[in-house]
Amino acid sequence: MERMPSNSRLRHNNFDLIRLALALIVCLVHAAELSQQSVLKPMGMFLSSKLAVDAFFVISGFLIFMSYERSSSLRSYASKRAKRIYPAYLSIILLCAFGLFAMSELPAERYFSLAWLKYLLANLSFLNFFAPTLPGVFEDNLLPAVNGALWTIKIEVMFYCSVPLIVWLAQRFGRLPILLGLFALSSLYSLAFWHLYGQSQNELFGFLEKQLPGQLRYFLAGGLIYYYLPYFERQIKWLVPLALSLYVASVWLPLRLIEPLALGVLVAFVALFGYLGNFGKYGDFSYGAYICHFPIIQILVSLGLYAFSPLLGLLVSVALTLLAAMLMWHLVEKRFLLRSSHYVQAKERPVASLSSLKPDIEA
1209 MERMPSNSRL
1219 RHNNFDLIRL
1229 ALALIVCLVH
1239 AAELSQQSVL
1249 KPMGMFLSSK
1259 LAVDAFFVIS
1269 GFLIFMSYER
1279 SSSLRSYASK
1289 RAKRIYPAYL
1299 SIILLCAFGL
1309 FAMSELPAER
1319 YFSLAWLKYL
1329 LANLSFLNFF
1339 APTLPGVFED
1349 NLLPAVNGAL
1359 WTIKIEVMFY
1369 CSVPLIVWLA
1379 QRFGRLPILL
1389 GLFALSSLYS
1399 LAFWHLYGQS
1409 QNELFGFLEK
1419 QLPGQLRYFL
1429 AGGLIYYYLP
1439 YFERQIKWLV
1449 PLALSLYVAS
1459 VWLPLRLIEP
1469 LALGVLVAFV
1479 ALFGYLGNFG
1489 KYGDFSYGAY
1499 ICHFPIIQIL
1509 VSLGLYAFSP
1519 LLGLLVSVAL
1529 TLLAAMLMWH
1539 LVEKRFLLRS
1549 SHYVQAKERP
1559 VASLSSLKPD
1569 IEA
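Take the sequence shown: its letter number 27 is residue 1235 in my numbering, and every next letter is one higher.
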């Protein structure tokens, strides 16, 4: 069996900082899009929420394959993943379902209706697209959805479920053939539905392209970097410039097959080379920021703050998102972490002793 990568770079990395930056990029782009304020439109043009989400998936691929390989059993892996993603997710769904009654134009008997129950049940089961709205909430906004960012969580959960099967296939038929074969199939799926969408402008094809089969290539790109990290390190001098060139070229050229791998190399380079410090000792605020920012922006748009002052609306959105993320971390997320978690150990040990950290990163 091929050896698992064991490297100090897996202990000393910038994943926490990068994920928070990506979450804030998504927040800024959504603020520009949802507010429809002309002064914020350039921000939406120069920042890319798609790039941020793709990079999130790459990082997840790297960390989740590592988490599975280092779990003592399938049950241990499933428990870690559930504790990491569901408590905060459950909290934001319940907060919105009950708290946004204050924003509804309907009385209680019409708000807490079958439509409300449908929203609650669909979102608690990650089927957000079945019921994205709440009765009488955000109806005058550009988009009435309560939390349009949650579609990616469904993709994440499906990927978590697929990892044990992927690893089993890799052990049986060879790691590189399976990872590259699945990458090729995912890319072909994405290309097919992207082409169909471009030809017909049918939203169904665009929706299907964004589902796990089409996004799996980004997770697999992260997995390839994880499994072949020693090779990546040896070839970094030419891999990074090549990846940067290919990723930039993919904006204009039909390089969708190569783009996830190029992005994977770039994300791994930023995350694993040039350690920026023990950011994990403060906690991981990226998940909270990602799942909380959308309803915060929607509330401020509905209240008219963006219309009054777009820049003030943006500033308040970011500030409230960071505050919500910190509260989510301290009140909900960290209570479910294992004692062996990267974040627990990072908090308890001084920066000088980072070399003694146990390499168990909770993605």
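Backbone N, C-alpha and C fix where the C-beta goes; we use that ideal spot for every residue, glycine too. Because the structure is a prediction, the values reported are computed rather than measured.
Point to revise | Nonlocal neighbours in the same chain, by C-beta distance under 7 Å from LEU1236, ignoring five residues either side | key: Taken in chain order, the residues that qualify are MET1251 and LEU1255.
Check your understanding: How close, in whole Å, do the beta carbons of GLY1430 and PHE1270 come, if the pair is a contact with beta carbons under 8 Å?
Key -> With 8 Å as the limit, GLY1430 and PHE1270 qualify as a contact, their Cβ atoms being about 4 Å apart.
Check your understanding: Taking C-alpha atoms, which residue in LEU1298, HIS1501 and ARG1219 lies nearest to VAL1540?
Key -> Of LEU1298, HIS1501 and ARG1219, the smallest CA-CA separation from VAL1540 is found for LEU1298.
Check your understanding: Do you know offhand how far PRO1449's Cα is from PRO1468's?
Key -> Going from the Cα of PRO1449 to the Cα of PRO1468 covers about 15 Å.
Check your understanding: Going by Cα to Cα distance, which pick from TYR1439, LEU1377, ILE1363 and GLU1411 is closest to PRO1421?
Key -> Nearest option by C-alpha distance: ILE1363.
Practice item. Just confirm the distance between the C-beta atoms of ILE1300 and ILE1504, as a whole number of angstroms; I'd bet it's less than 8 Å. Key: The beta carbons of ILE1300 and ILE1504 sit about 10 Å from each other, so the pair does not count as a contact at 8 Å.
Review point. To the nearest whole angstrom, what separates the beta carbons of TYR1434 and ARG1383, a pair I think is in contact under 8 Å?
Key: That pair is no contact at about 11 Å.
Exercise for review: Could you tell me whether the Cβ atoms of TRP1537 and GLY1496 are closer together than 8 Å?
Suggested key: If you check the CB distance, TRP1537 and GLY1496 come in under 8 Å.
Exercise for review: Round the Cβ separation of PHE1401 and PHE1413 to the nearest angstrom and send it over; I've been treating them as touching at under 8 Å.
Suggested key: 5 Å between Cβ atoms; contact.
Practice item. Measure the beta-carbon distance from VAL1365 to PHE1320 and round it to whole angstroms, keeping in mind my assumption that it falls under 8 Å. Key: Wrong, their Cβ atoms sit about 27 Å apart, outside the cutoff.
Practice item. Along the alpha helix (DSSP H) that carries PRO1449, what are the first and last residues, could you check? Key: Start and end: 1444-1457.
Review point. Excluding sequence positions up to five away, which residues of its chain have a Cβ less than 6 Å from the Cβ of PRO1352?
Key: Beyond the five residues adjoining it in sequence on each side, PRO1352 comes within less than 6 Å, by CB distance, of THR1341 and PHE1346 in the same chain, given in chain order.
Practice item. Rounded to whole angstroms, what's the CA-CA distance from ALA1174 to TRP1359? Just pull it up for me. Key: Outside the displayed range of the chain (1209 to 1571) lies residue 1174, so it cannot be described from this structure.
Review point. Whose C-alpha, out of LEU1225, GLY1344, TYR1397 and LEU1248, is nearest the C-alpha of PHE1264?
Key: Closest option to PHE1264, Cα to Cα, is LEU1225.
Review point. In terms of residues, what are the limits of the alpha helix (DSSP H) holding VAL1509?
Key: Looking at the DSSP string, the run of the alpha helix (DSSP H) that includes VAL1509 is 1494-1511.
Check your understanding: Measuring CA to CA, which of VAL1478, LEU1471, SER1243 and ILE1233 is closest to ASP1348?
Key -> Looking at the Cα atoms, SER1243 is the closest of the given residues.
**Study point:** Pick from GLN1245, ALA1476 and LEU1350 that is closest to VAL1266, judged by C-alpha positions
**Key:** Of the listed residues, the one whose Cα sits closest to VAL1266 is ALA1476.
Review point. Starting from ILE1363 and walking both ways along the alpha helix (DSSP H), at which residues does that stretch end?
Key: Taken as a continuous stretch (DSSP letters only), the alpha helix (DSSP H) holding ILE1363 covers 1359-1381.
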